[in-house]
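Worksheet: the structure to be examined is printed underneath.
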Amino acid sequence: MRASAIINLASRKIITLPRLSPTHTSARLVKLLVPSRSHVIEYQPVLHLQCSPDMIADPADRVFPDHEPTMLLECMEEGIIHWNKEIETLDSSQLLEVGTILGEIIDEDDDREDEDWKWQAYLHDD
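Each residue of the sequence shown is one higher than the one before, counting from 13 in this note's numbering.
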């Protein structure tokens, strides 16, 4: 009997809720901008978040004391995005902690080890 091995040559990037400032602790998911199982490319917006007021450390720098800035997050990876089922049906009023796993990006053409995703974020006015 001959044993055969299946080698997975795909790279997996874990999508987590990023810490957008040193004091940032949580955010609400306003909208997923791409559906699960979609192909994403670098610089493509994928998330719209409403951040907790602590994202801006000094209350004097906030628009008002409880200001919850909204952010647009761009993916810096290429591949197929898969959101966690719980995230796809999440109530937008629910706060998620920084580091919460939101999904993953699978890149069939990359064989590097699994790692966290790379992203860029921008303030977004509604």
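A virtual CB, placed ideally from N, CA and C, is assigned to each residue, including glycine.
Output needed for residue i: all residues of its chain with C-beta closer than 7 Å, excluding positions within five of it in sequence on either side, in chain order.
i      : result
Asp66  : Thr35, His36, Thr37
Ser104 : Arg40, Leu41, Val42
Lys6   : Residue 6 lies beyond the stretch modelled for the chain, which goes from 13 to 138, so this question has no answer here.
Glu80  : Gln62, Cys63, Ser64, Pro65
His136 : His60, Thr82, Met83, Leu84
Out of the options, which has the shortest C-alpha to C-alpha gap to residue i?
i      : options                : result
Pro139 : Ala39, Leu85, Gly115   : The requested residue 139 is not part of the displayed model; the chain covers only 13 to 138.
Lys11  : Asp119, Leu114, Gln106 : Residue 11 lies beyond the residue range present for the chain, which begins at 13 and ends at 138; the question has no answer from this structure.
Leu61  : Thr112, Thr82, Glu109  : Thr82
His51  : Asp128, Ala133, Glu120 : Glu120
Which whole-angstrom value is the C-beta distance of residue i and residue j, which I expect to be below 8 Å?
i     : j      : result
Ser23 : Trp95  : Their Cβ separation, rounded to whole angstroms, is 18 Å, which puts Ser23 and Trp95 out of contact at 8 Å.
Lys25 : Ile117 : 4 Å
If I follow the unbroken beta strand (DSSP E) through residue i, where does it start and stop?
i      : result
Lys25  : 23-28
Lys43  : 38-44
Ile92  : 91-95
Ala133 : 131-135
Find out if the Cβ-Cβ distance for the pair residue i, residue j is shorter than 8 Å.
i      : j     : result
Thr112 : Leu29 : yes
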